[in-house]
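To start, the structure itself, in structure tokens.
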Amino acid sequence: MKVLVVGGAGYIGSVITRLLLDKGHKVTVLDNLSLGHRAAVSKPARLIVGDLADTVLLDRLMKEEHPDCVMHFAARSLIPESVERPDIYFENNISRGINLLNAVCRNGIKRFIFSSTASVYGAPEKIPVTEDCPLRPTSPYGYTKKILEELLTAYEQAYGLRYATLRYFNVAGAYNGLGEDHRPETHLIPILLKTALDPNQVFHIYGDDYETRDGTCIRDYLHVYDVARAHLLAMDAPDEHSPVYNLGNGQGFTVKEIFDAVQKVLGRKLKFEVVGRRPGDPPVLVASSELIKKELGWRTSRPDPERMIWDAWEWHKNHPDGYPDLT
1 MKVLVVGGAG YIGSVITRLL LDKGHKVTVL DNLSLGHRAA VSKPARLIVG DLADTVLLDR
61 LMKEEHPDCV MHFAARSLIP ESVERPDIYF ENNISRGINL LNAVCRNGIK RFIFSSTASV
121 YGAPEKIPVT EDCPLRPTSP YGYTKKILEE LLTAYEQAYG LRYATLRYFN VAGAYNGLGE
181 DHRPETHLIP ILLKTALDPN QVFHIYGDDY ETRDGTCIRD YLHVYDVARA HLLAMDAPDE
241 HSPVYNLGNG QGFTVKEIFD AVQKVLGRKL KFEVVGRRPG DPPVLVASSE LIKKELGWRT
301 SRPDPERMIW DAWEWHKNHP DGYPDLT
């Protein structure tokens, strides 16, 4: 198949690009490199540096490549930033997402994979979270993902676009030389590993007064390789319906438990300090992934957080400054 990976120079998109290539697919990556890295795009994938605001480019790319499937990862995803600057999230995640959908449908592309998030659930009323739980996002970031999910149903009804929406929780680990390099970094495990690489760094725990077993937030962590596998399964699934799937480990770990696991893997103590809560952070998010297991046979192959931490640590040791910034 010919696959267009939008945002394929980012963390998850780059791993998916690698797996697609390994399976023999022809891959084109579209990325503006504002958050992604040229060095993360595996060869022989073709990299097009461009933005979803450029509708002329989108139409030309769809006509030239005419992909069998488009995968969309090009979203801003920092919850605190979205609270402070909702305008840039509405512009990037919604307006430019609509540009992509319009170009896909104008050019007769019939298969679309959407990278969504557990943030659409907000603070869920039941744990583990199932796909039929109410969508009540508590941040503009989650709200933008919810809106694009809703728009997909309209595009399906009007243009016959078949899609799969994958809502995932916390992604971690590294795969085949591809790791997590966000600037700034806001994800728990890479922040802890960067703390380990710099003895002057102090790790911040954002709130220890939540109603959880140790007062810190509980999250569901999933290896990036397992996330990538789920996208390939969704792409190859029959066109009988347009599903929504949760992706998660099914287990919840507190911030302090992940902190302790990192110390165990590294064999050293790290400095930490408890600070105030971050706005928009729900206390508990743990997924039920029973639906994708039942329908697509997906399973987590690397469920142990210590394996995720070890894989990520190997990558960070080899890339202490992240990917090289190449023009």
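Residue numbers (full-length UniProt numbering): 1 to 327.
Think of the CB as a built atom: it goes at the ideal place given N, C-alpha and C, for glycine as much as any other residue.
Since we're looking at a predicted model, the values are computed, not measured.
Three or more beta-carbon pairs separated by less than 8 Å link the segment 139 to 155 to the segment 108 to 119, which places the two stretches in contact. DSSP lists T28 as the beta-bridge partner residues of R46. For the segment 117 to 196, the full-length alpha helix (DSSP H) segments reaching 4 residues or more read 140 to 159 along the chain.
Boundaries of the alpha helix (DSSP H) harbouring V265: 255 to 266, taken from the DSSP string.
The C-alpha of K126 is placed about 23 Å away from the C-alpha of E295. Contact between the segment 107 to 114 and the segment 156 to 171 is present: 3 or more CB-CB pairs across the two stretches fall below 8 Å. Annotation for W310: V265 place their beta carbon closer than 7 Å to its own, counting only its chain and skipping 5 residues before and after.
Here E314 carries a helix assignment [DSSP, helix/strand/coil]. Counting only runs of 4+ residues, the alpha helix (DSSP H) found wholly inside the segment 51 to 106 occupies 55 to 65, 79 to 84, 86 to 89, 96 to 106, in chain order.
Nearest in C-alpha terms to P184, of all of G322, R167, L101, is G322. Check the Cα spacing between L291 and each of G250, L222, E273: the tightest is with G250.
Annotation: I189 to I258 spans about 8 Å, alpha carbon to alpha carbon. Selection T153, A312, S82, P320 evaluated against R278 yields S82 as nearest (Cα-Cα).
In the three-state reduction of the DSSP assignment, Y210 falls in the coil class, being assigned neither a helical nor a strand state. One alpha carbon belongs to L197, the other to I94, and they sit about 37 Å apart.
If you look at V15, you'll find it in the alpha helix (DSSP H) that goes 11 to 22. Taken atom to atom, the span from the alpha-carbon of A53 to that of N99 is near 7 Å.
Exposure of I88 is indicated by the presence of fewer than 16 other C-beta atoms within 10 angstroms of its C-beta. Under the three-state reduction of DSSP output, I205 falls in the strand class.
With 16 or more other CB atoms across the displayed protein chains lying within 10 angstroms of its CB, G97 is buried.
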